[in-house]
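To start, the structure itself, in structure tokens.
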Amino acid sequence: MHITHASFVTLPVADQDRALRFYRDVLGFRVTADREMPQGRWLQVAPEGAQTVFTLAGPGMGGFVAGSARGIMLVTTDVDADCARLTEAGVSVQGPDDLPWGRMAAFEDPDGNGLMLLTEKEGS
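In our numbering, each residue carries its 1-based index in the sequence shown increased by 359.
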């Protein structure tokens, strides 16, 4: 096997513009693609410097159910500061909590897709 990384992760959303505002304006992701395709709008976002991007798949893009993604782990250098920013933006955040592998919090995007923030413990 010669796999080097995941190209994209699909996040099913009901409203791509609303999702874009959340991922761009709240999480600080950049838009990597935004174009019309025969099946609908192909919209991708990513944290600065990331290899893996997130496809914000709207209705008609593959039959996905909005809000059905779970367990998406986002690594951060400061989970506490990021949780404070999310809370200020009106996002409900659970945590952060200290765990054996680091400090972690959970939240959902406007469609209910489950995301987590993790500041890894040194040596983990």
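C-beta: ideal position from N, C-alpha, C; glycine also. These numbers come from a predicted model, not from an experiment.
Pick helix, strand or coil for residue i, following the three-state DSSP scheme.
i           : result
residue 446 : helix
residue 413 : strand
residue 380 : helix
Give me whichever residues DSSP pairs with residue i in a beta bridge.
i           : result
residue 405 : 389
residue 434 : 477
residue 371 : 416
residue 452 : 466
residue 400 : 395
Taking 8 Å as the threshold (C-beta atoms), are residue j and residue i in contact?
i           : j           : result
residue 403 : residue 367 : yes
residue 407 : residue 429 : no
residue 433 : residue 474 : yes
Less than 8 Å between the CB atoms is what I'm expecting for residue i and residue j, so what's the real figure, rounded?
i           : j           : result
residue 425 : residue 465 : With a Cβ gap of about 19 Å, residue 425 and residue 465 do not count as contacting.
residue 438 : residue 446 : That belief does not hold up - the Cβ atoms of residue 438 and residue 446 are roughly 12 Å apart, past 8 Å.
residue 476 : residue 441 : 5 Å
residue 378 : residue 469 : 6 Å
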